[in-house]
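Top to bottom, those sequences are chains A and B.
Quick note: the first sequence uses our numbering, first residue 1, plus one each step.
Quick note: the second sequence uses our numbering, first residue 1, plus one each step.
Where a beta carbon is used, it is the ideal one built from N, C-alpha and C, also for glycine.
A short write-up of the structure that comes next.
Protein chains: 2
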Amino acid sequence: MAEFSLIDRIRQRAGSRPDVALGIGDDAALIDPPKGQQLVLAVDTLVEGVHFARGVPPSAIGWKALAVNLSDLAAMGAEPAVALLALTLPDDDSAFVDEFAAGFAALADTHRVALVGGDTTRGPLAASVTVMGYVPKGSALTRAGASAGDDLWITGTLGDAAGALALWTSGLPMLRTGRLRDRLDRPTPRLGAGIALRGLATACIDISDGFLADLGHLLAMSGLGADVEADALPASPALLEAFPDPLLRRELQLTGGDDYELCFSAPVARREAVRKALDAVATPASRVGSLVAGARLRLFDADRLPLPLPARRGYVHFAGSDA
Amino acid sequence: MAEFSLIDRIRQRAGSRPDVALGIGDDAALIDPPKGQQLVLAVDTLVEGVHFARGVPPSAIGWKALAVNLSDLAAMGAEPAVALLALTLPDDDSAFVDEFAAGFAALADTHRVALVGGDTTRGPLAASVTVMGYVPKGSALTRAGASAGDDLWITGTLGDAAGALALWTSGLPMLRTGRLRDRLDRPTPRLGAGIALRGLATACIDISDGFLADLGHLLAMSGLGADVEADALPASPALLEAFPDPLLRRELQLTGGDDYELCFSAPVARREAVRKALDAVATPASRVGSLVAGARLRLFDADRLPLPLPARRGYVHFAGSDA
């Protein structure tokens, strides 16, 4: 091990890109940014016992540490390029690092992301990842920019990860949680959808803290309110099967978090264009409501009858989190 | 506190730059990179109990978390631009965050670094910082590129931080360690020197793990050896006073680490140019030896008599660290 440090193990899986002039191995990496593009930068940390439970497979931690960051780039409409990893480990566990790196690399390779910086330190298990991507100047999606009257959309389905967590903490056998658990452990960042929505979405955010919580951020930044049809929130067959009670299921979808789907607004006139753009990248999407003037958020059922807002709107950040 | 999260407290001190199109507050930051420049990226983590002791002032932790990263940019000859901070805290301690942010901002403001990404999570105290800077295409300094016969140089003085740590762990009163302690807690990244050395230094590295350990990295990447005159290693008046024993002092200078000085090579013919360039940025520098062919590192005293190499060459990384 003395001649083959943990960082060297990670470096084996770093990948390469033509814009990376110098990768891991010097004091810093050197990147040639493409012309006409803005850089898009985000950082997120996963801590054992807070963001994932003890016993989650190292490969899933590696995958998710990158996925939650790529999801931030997706929400900006960015194309990912490079990542830097700060991995803190309680001991010199090369098997853990190999599995972590394999999970990280599986997702990185899918999206041609090169790992250009790595730092391994001793301490309680945590992984902090910084990602950088590119977006043509002026075409980034942001949380601001929505207009009253815009449709409100959601990619994919909501509630699976929260459902897996609920089942898992209730002690149910893994057998039942399989498909849901995969959404919790290995979320799929909606990168193709984010890029497809450039020029179409007026505002966008990824759902990490829970639909209502993240929608709240979008509304605050856009200075608007929303009318949401709760029964229109998309649910997977696995969620429908595991949670037949509609009230419990709705709670998971509204406040559960860890979905890593995109929540975005688009003009009513672009409804068909949105549909086509997302079809082209094989991303399902549902219209779930409308943006309205004023700072109010209202929930309705399928009969347009008002529903109470849940007391708890989403995962309560210990200390807030951004970018 | 509910309406004013920890990340908002940090955001107050984020600073601004014309190349930052969108800072903290969305899913990611947007940067307009300057034309003709390469991007320089590095990440480093400080963990309580590993990189700093319990009881170090929060402002010093904030300063140092940025400083160790800026030192990596200095070693590349880069000009810093933006930073992203992932801060992990055991509890919701707003006073800690305010002091941490003040220390971070004091250094960031000095070098016009904007904080464009922040993530605060709960967990054992740690700060992971990613920095991005710029360097004109093709002019970055790297660890490779030195030639046999080149002079070996060191900026500033060595051993102060290691001396402070030695005195502190031995239980000496703070009074004696003051000036040394400041080097340990608030290191000065040699950014001006790094930029001044563009086109002059043939290879460069910052001294974080200890002079011999980091020189070893430079030699390995350049495929060379070195003859070093141990008595030429620069010592501060504070170190000379606190450690009158030359053998102990030399040990601190050779292997102590946490110096954040630059160790670089330059052609003999550029000796005066190096001197002038560093004088212009008020950075003292000393010639401490020469690079030689072959993979050997030899130490000499002032009379050119060979000295034994210390058994321990520097801070032994738990798991390796790079970029």
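What residues in its chain sit with their C-beta under 8 Å from that of residue i, if we drop five residues either side in the sequence?
i      : result
B:A323 : Confidence at B:A323 is low in this model, with a pLDDT of 43, below 50, so its placement is unreliable and the value that follows should be read with caution. So the list reads L41, A42, V43 and D72, once near-sequence residues are dropped.
B:G15  : A105, A108, D109, R112, V113, A114 and L115
B:I7   : I24, G118, D119 and T120
B:A127 : T45, L46, I61, G62, A65, L85, A86, L87, T88 and F100
B:A67  : L107, R186, P187, T188, P189 and Y260
B:Y134 : P33, P34, Q37, Q38, L39, V40, A78, E79 and A81
Distance, Cα to Cα, residue i vs residue j?
i      : j      : result
B:A29  : B:L218 : 34 Å
B:G199 : B:S139 : 7 Å
A:A166 : A:P244 : 14 Å
A:R250 : B:P136 : 54 Å
B:S94  : B:L125 : 14 Å
A:V281 : A:L262 : 14 Å
B:Q37  : A:K35  : 11 Å
A:F327 : A:P234 : Not covered by the structure: residue 327 of chain A. The range shown for chain A is 1 to 323.
A:V20  : A:D26  : 13 Å
A:A285 : A:L215 : 16 Å
B:P306 : B:L248 : 17 Å
B:V56  : B:W168 : 12 Å
A:L337 : A:V129 : No answer is possible for residue 337 of chain A: the residues shown for chain A start at 1 and end at 323.
A:D151 : B:D259 : 57 Å
A:A230 : A:A295 : 18 Å
A:L191 : A:R270 : 20 Å
B:R354 : A:L297 : Shown here, chain B extends from 1 to 323; a query on residue 354 of chain B therefore has no answer.
B:D301 : B:S59  : 40 Å
B:A102 : B:R17  : 18 Å
B:R122 : A:G171 : 25 Å
B:V268 : B:R312 : 30 Å
A:P246 : B:D206 : 60 Å
B:V228 : B:A293 : 14 Å
A:D92  : A:L299 : 50 Å
A:R54  : A:L70  : 23 Å
B:A266 : B:R143 : 12 Å
A:P90  : A:P308 : 45 Å
B:R181 : A:R181 : 50 Å
A:S208 : B:S5   : 17 Å
B:D303 : B:E272 : 25 Å
A:I195 : A:A226 : 24 Å
Excluding the 5 residues flanking residue i on each side, which residues of the same chain have their C-beta closer than 7 Å to its C-beta?
i      : result
B:L197 : G77, L141, C204, F264 and A277
B:S321 : For B:S321, the predicted structure reports a pLDDT of 41, less than 50, and the residue's modelled location is therefore unreliable. A value from the coordinates is still provided. None.
B:D98  : R9
Measure how close the beta-carbons of residue i and residue j come, nearest whole angstrom, since I'm counting them as under 8 Å.
i      : j      : result
A:L85  : A:I10  : 7 Å
B:A74  : B:L291 : Going by Cβ atoms, the distance from B:A74 to B:L291 rounds to 21 Å, so no, they are not a contact pair.
A:L239 : A:T157 : 7 Å
A:G256 : A:G210 : 6 Å
B:V288 : B:A232 : 5 Å
A:A193 : A:T283 : 4 Å
B:P310 : B:L254 : 6 Å
Short of 6 Å in beta carbon distance, which residues of its chain neighbour residue i, apart from the five on each side in sequence? Order them along the chain.
i      : result
B:L252 : G159, A162 and G163
A:V82  : A114, V116 and M132
B:D32  : D19 and A21
A:R183 : D160 and A161
B:R13  : A101 and A105
A:S236 : T157 and D160
For the ligand MN, is there a heavy atom less than 7 Å away from the beta-carbon of residue i?
i     : result
B:L39 : This structure lacks the ligand MN; in fact it carries no ligand of any kind.
key: Inter-stretch contact at 8 Å, needing at least 3 Cβ pairs: the segment 207 to 222 of chain A / the segment 276 to 284 of chain A   = Not touching, per the Cβ criterion.
request  = Indicate whether the contact test is met: 3 or more Cβ pairs, each with one atom in the segment 45 to 60 of chain B and one in the segment 159 to 170 of chain A, closer than 8 Å.
outcome  = Flag = no, the segment 45 to 60 of chain B and the segment 159 to 170 of chain A do not touch.
key: 3-residue-minimum beta strand (DSSP E) runs that sit fully inside the segment 43 to 93 of chain A, ordered along the chain   = If only uninterrupted beta strand (DSSP E) runs of at least 3 residues are considered, those enclosed by the segment 43 to 93 of chain A are 79 to 89.
query = If you scan the segment 191 to 273 of chain A from start to end, which runs of the beta strand (DSSP E) of 3 or more residues do you find wholly inside it?
reply = Counting only runs of at least 3 residues, the segment 191 to 273 of chain A fully encloses the following beta strand (DSSP E) elements, listed from N- to C-terminal order: 203 to 206, 225 to 229 and 262 to 266.
request  = Let me know the beta strand (DSSP E) ranges lying completely inside the segment 94 to 170 of chain B, each 3 residues or longer, listed in chain order.
outcome  = Here the runs fully enclosed are 114 to 122, 126 to 136 and 151 to 155.
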